[in-house]
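Novice: Line by line, the protein sequences give chains A and B. First residue of the first sequence: 720, per the working numbering; consecutive thereafter. First residue of the second sequence: 215, per the working numbering; consecutive thereafter. Okay, handing you the structure first.
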Amino acid sequence: MIKIAIIGFGTVGQGVAELLARKRDEIEKKIGRFKVVAVADLTGAMTGEFRLEEAIEHRRKGGLPEKKSAMEIAENEDYDVMIEVTTTRLDEEGIAYMKVALERGASVITSNKSIAVALMDLLRLAERKNVKLLYEATVGGAMPVIKLLNSYLAFCEIRSLKGILNGTCNYILTRMEEEGLPYNQVLSEAQEMGIAEANPTADVEGIDAAIKLVILANTIGYPAKFEDVKREGITKITPQAFKVAMQKGYTIRLIAEASKKSLRVSPRLVKLNSLLAIKGTLNALMIQTDTAGEIFVAGRGAGKYETASAILSDLYELYRDR
Amino acid sequence: MSELFTLVVELEDKPGQLLKVLEPIARNGGNIVGIVHQRGKKTPLSRVPVEISFTADPKKAERIFEELQKEVVVRAFGKIRTATVSLLLIGHIIHTDLSDTIRRIDSSEAECVELNATMPEINQPSTAMMTISAKSDEALERALERVREICKEKGIMVIEPVNEI
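Encoded structure:
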């Protein structure tokens, strides 16, 4: 019996719980029986015998019933794998939970981009404890990139990565391209639609994409830090820029690029017929390898079930050989 | 330092014509790299276009060009540029001394060969597509680095292309 603790019970945590409940039969057929032994977030916790639907119900009505902190759960509950899905705050709170779990010999699956600041340390800790840290959900949402790089391209030299890692920026740029609208107008439209946040800085200044790029770079063996990323956002792009670019057959996208020479997130000219000229909130990654040529993935970079599906793919990865 | 040049001349299809072209190049210290007769592209006057590439000192190349114009029909003459990049610039491109910008980008190995600018309204940032050609990929990279520096200094945003695969 696989014992799972879910730390963080917001949108993603609940998405994971819903999918675990809904797809229980299929999942158990592949990885064996499992049980969620604890869920915890800032509102409280739930442990012992309970159904996932109950936990979701409690959370929707205001909060989880037990007055235990997430840290107490991490430190004291008996679990084999921690699904750490607290929000990315870069204040290392999430990392603290993960460290506790790894130290106790439990594997960790996370969607928390905070790992960018400590990925190498966490991976080393996991290795020392003979457990795993899996983080597919941190980059590109549902798009399978971490396992693609780590497993399927294990014996390829990765020459470069070029990606669209922020759906909000891609949406804004697509609208500017198609409608010739100014940046500010498209931004407010995106905010009204819930595609951009009230404070859009992390997205439009390329911070979110840079954090994901750091995770990808570390995954392929470049020990990069956030400060190493040359970063420029999309706020200064004008509708005229698209017009002028278009005359030469280009559009503009926010591209995150990692190679031996460069680590940067910046608006770039992309040929209109290029695979990277994708539209809307989609994410994409172009991987250039020595022996496998180029590989391109695209998909939904965010969303409750999309992120949860990436978490489940890690759960499968962890227990597939049992 | 010698550079690579190319020229296309139209020659009458009879013996001894090529010599008229080669002699001035040799006399001025040029080194022939390649000669291609474009027999399939004969002109209405039955002349054969001949493409000649050679390396020479740039000043001597100018002299070669002048001398050749007296002897034969010169259709094209220029430096061979192998690497090209198009960049989008956004900002106060004109009011931050555009000619200074271009002068500082240009060098013996690379130059700005095309500029396409739009100016929306007064005091609003303008947009330009700039094409730079260079002798080699390395020369282009050095030119690109100059563009980045100059534009950073002048507060102009540079949008570079993603390398096409």
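Ideal placement from N, C-alpha and C gives every residue a C-beta, glycine not left out.
Would you check if the distance between the CB atom of residue 973 of chain A and the CB atom of residue 869 of chain A is smaller than 9 Å?
Specialist: For the purposes of this step, residue 973 of chain A is taken as residue 254 along the first sequence, with counting starting at 1. For the purposes of this step, residue 869 of chain A is taken as residue 150 along the first sequence, with counting starting at 1. Not closer than 9 Å, so no.
Novice: Flag residue 989 of chain A as yes if its beta-carbon sits less than 9 Å from any beta-carbon of chain B, otherwise no.
Specialist: Within the first sequence, numbered from 1, the residue matching residue 989 of chain A stands at position 270. Yes, its Cβ sits closer than 9 Å to a Cβ of chain B.
Novice: For a contact defined as C-beta to C-beta under 9 Å, what are the partners of residue 977 of chain A on chain B?
Specialist: Position 258 of the first sequence, counted from the start, is the residue given in the question as residue 977 of chain A. Result: empty, since nearest Cβ-Cβ is about 13 Å, beyond 9 Å.
Novice: Looking only at its chain, what residues have a beta carbon closer than 7 Å to the beta carbon of residue 933 of chain A, apart from the 5 residues adjacent to it on each side?
Specialist: Numbered from its first residue, the first sequence carries residue 933 of chain A at position 214. Excluding residues within five positions, the ones whose Cβ falls inside 7 Å are 835, 943, 944, 945, 948.
Novice: For the structure I just gave you, are there three or more beta carbon pairs, one from the stretch 316-323 of chain B and one from the stretch 352-359 of chain B, closer than 8 Å?
Specialist: Yes: at least three Cβ pairs fall under 8 Å.
Novice: Pull up the CB-CB distance for residue 331 of chain B and residue 341 of chain B, whole angstroms please, since I reckon it's below 8 Å.
Specialist: What you label residue 331 of chain B is simply residue 117 of the second sequence in a count that begins at 1. What you label residue 341 of chain B is simply residue 127 of the second sequence in a count that begins at 1. Indeed they touch by this definition, with Cβ atoms about 7 Å apart.
Novice: How would you list, in chain order, the residues of chain A whose beta-carbon sits under 8 Å from the beta-carbon of residue 229 of chain B?
Specialist: Position 15 of the second sequence, counted from the first residue, corresponds to residue 229 of chain B. Neighbours of residue 229 of chain B on chain A: none; closest Cβ ~47 Å, over 8 Å.
Novice: Who are residue 245 of chain B's beta bridge partners in DSSP?
Specialist: Start at 1 with the first residue of the second sequence, and residue 245 of chain B comes out as number 31. In the DSSP output, where bridge partners are listed per residue, residue 245 of chain B has B:269.
Novice: Give me the subset of the stretch 258-270 of chain B whose CB atoms are less than 8 Å from a CB atom of chain A, sorted by chain position.
Specialist: Cβ contacts with chain A: none found.
Novice: Taking the alpha carbon of residue 885 of chain A as the reference point, which residue from A:744, A:861, A:898, A:907 has its own alpha carbon closest?
Specialist: Here residue 885 of chain A corresponds to residue number 166 of the first sequence, with the count starting at 1. The shortest Cα separation from residue 885 of chain A among A:744, A:861, A:898, A:907 belongs to A:861.
Novice: Can you list the residues of chain A that residue 300 of chain B reaches, using a CB-CB cut of under 8 Å?
Specialist: As a first step, residue 300 of chain B is located in the second sequence; it is residue number 86 there, counting from the start. Within chain A, the residues near residue 300 of chain B are 967, 969, 988.
Novice: Relative to the C-alpha of residue 346 of chain B, which residue among B:218, B:339, B:333, B:362 is closest?
Specialist: Here the question's residue 346 of chain B lines up with position 132 in the second sequence. Cα-wise, what sits closest to residue 346 of chain B is B:362.
Novice: Quick one: what's got a C-beta closer than 7 Å to residue 842 of chain A's C-beta in the same chain, skipping five residues either side?
Specialist: Taking the first residue of the first sequence as position 1, residue 842 of chain A is located at position 123. For residue 842 of chain A, where only same-chain residues beyond five positions count, the Cβ hits under 7 Å are 852.
Novice: Could you check whether residue 758 of chain A and residue 1027 of chain A sit closer than 9 Å to each other, using their CB atoms as the reference points?
Specialist: Taking the first sequence and counting its residues from 1, one reaches residue 1027 of chain A at position 308. Taking the first sequence and counting its residues from 1, one reaches residue 758 of chain A at position 39. It is not a contact, given that the beta carbons lie outside the stated cut-off.
Novice: Per DSSP, what kind of secondary structure is residue 889 of chain A in: helix, strand or coil?
Specialist: Your numbering for residue 889 of chain A matches position 170 in the first sequence. Note: residue 889 of chain A maps to helix in three-state DSSP.
Novice: Around the Cβ of residue 704 of chain A, are there at least 16 other Cβ atoms within 10 angstroms (buried) or fewer (exposed)?
Specialist: This structure gives no information on residue 704 of chain A, because the portion of chain A shown stretches from 720 to 1041.
Novice: Within the same chain, show all residues whose beta-carbon is closer than 6 Å to that of residue 844 of chain A, passing over the 5 residues directly before and after it, in chain order.
Specialist: If you number the first sequence from 1, residue 844 of chain A lands on position 125. If we look at residue 844 of chain A and ignore the five residues flanking it on each side, its Cβ neighbours are 821.
Novice: Would residue 290 of chain B be called buried (16 or more neighbouring beta carbons within 10 Å of its own) or exposed?
Specialist: On the second sequence, position 76 is the one that residue 290 of chain B refers to. The residue is exposed, with fewer than 16 neighbouring Cβ atoms inside 10 Å.
Novice: Taking the CB atoms as reference points, tell me whether residue 226 of chain B and residue 260 of chain B lie closer together than 9 Å.
Specialist: What you label residue 226 of chain B is simply residue 12 of the second sequence in a count that begins at 1. What you label residue 260 of chain B is simply residue 46 of the second sequence in a count that begins at 1. Their beta carbons are under 9 Å apart, which means residue 226 of chain B touches residue 260 of chain B by this criterion.
Novice: Considering only C-alpha positions, which residue in the set B:241, B:344, B:253 is nearest to residue 165 of chain B?
Specialist: Nothing can be reported for residue 165 of chain B, as the shown portion of chain B is limited to 215 through 379.
Novice: Taking a contact to mean a Cβ-Cβ separation below 9 Å, would you say residue 801 of chain A touches residue 790 of chain A in this structure?
Specialist: To locate residue 801 of chain A, count along the first sequence from 1; it is residue 82. To locate residue 790 of chain A, count along the first sequence from 1; it is residue 71. Contact: no.
Novice: Under 9 Å, Cβ to Cβ, is there at least one residue of chain B near residue 960 of chain A?
Specialist: Counting from 1 along the first sequence, the entry for residue 960 of chain A is found at position 241. Interface residue, yes.
Novice: Is the CB of residue 982 of chain A under 9 Å away from at least one CB in chain B?
Specialist: Here residue 982 of chain A refers to the residue found at position 263 of the first sequence. Output row for residue 982 of chain A: interface = no.
Novice: Report the neighbours of residue 346 of chain B on chain A: residues whose CB is nearer than 8 Å to its CB, in chain order.
Specialist: Looking up residue 346 of chain B in the second sequence gives position 132. Neighbours of residue 346 of chain B on chain A: none; closest Cβ ~13 Å, over 8 Å.
Novice: Nearest-angstrom Cα distance between residue 846 of chain A and residue 840 of chain A?
Specialist: Position 127 of the first sequence, counted from the first residue, corresponds to residue 846 of chain A. Position 121 of the first sequence, counted from the first residue, corresponds to residue 840 of chain A. Spanning the two alpha carbons is a distance of roughly 10 Å.
Novice: Is it right to say residue 878 of chain A is buried, meaning 16 or more other beta carbons lie within 10 angstroms of its own, or is it exposed?
Specialist: Within the first sequence, numbered from 1, the residue matching residue 878 of chain A stands at position 159. Exposed is the call here.
Novice: What are the residues in the stretch 302-329 of chain B lying within 7 Å of chain A by C-beta distance?
Specialist: Under the 7 Å Cβ criterion, the stretch 302-329 of chain B contributes 302, 304.
Novice: Could you pull out every unbroken alpha helix (DSSP H) segment of at least 4 residues lying fully inside the stretch 905-942 of chain A, listed in chain order?
Specialist: With a minimum length of 4 residues, the continuous alpha helix (DSSP H) runs that stay inside the stretch 905-942 of chain A are 920-923, 926-938.
Novice: Determine, using beta carbons only, whether residue 939 of chain A comes closer than 9 Å to chain B.
Specialist: Residue numbering aside, residue 939 of chain A sits at position 220 when the first sequence is read from its first letter. No, residue 939 of chain A does not count as interfacial toward chain B.
Novice: Threshold first: 3 residues or longer. Then list the beta strand (DSSP E) segments lying entirely within the stretch 267-349 of chain B, N to C.
Specialist: Those beta strand (DSSP E) runs which fall completely within the stretch 267-349 of chain B and span 3+ residues are 287-293, 297-305, 324-332, 340-348.
Novice: For the stretch 906-936 of chain A, list every residue whose C-beta sits within 7 Å of some C-beta in chain B, in sequence order.
Specialist: Residues passing the 7 Å Cβ filter: none.
Novice: Grab me the residues of residue 917 of chain A's own chain with a C-beta within less than 8 Å of its C-beta, minus the 5 sequence neighbours each way, in chain order.
Specialist: As a first step, residue 917 of chain A is located in the first sequence; it is residue number 198 there, counting from the start. So the list reads 910, once near-sequence residues are dropped.
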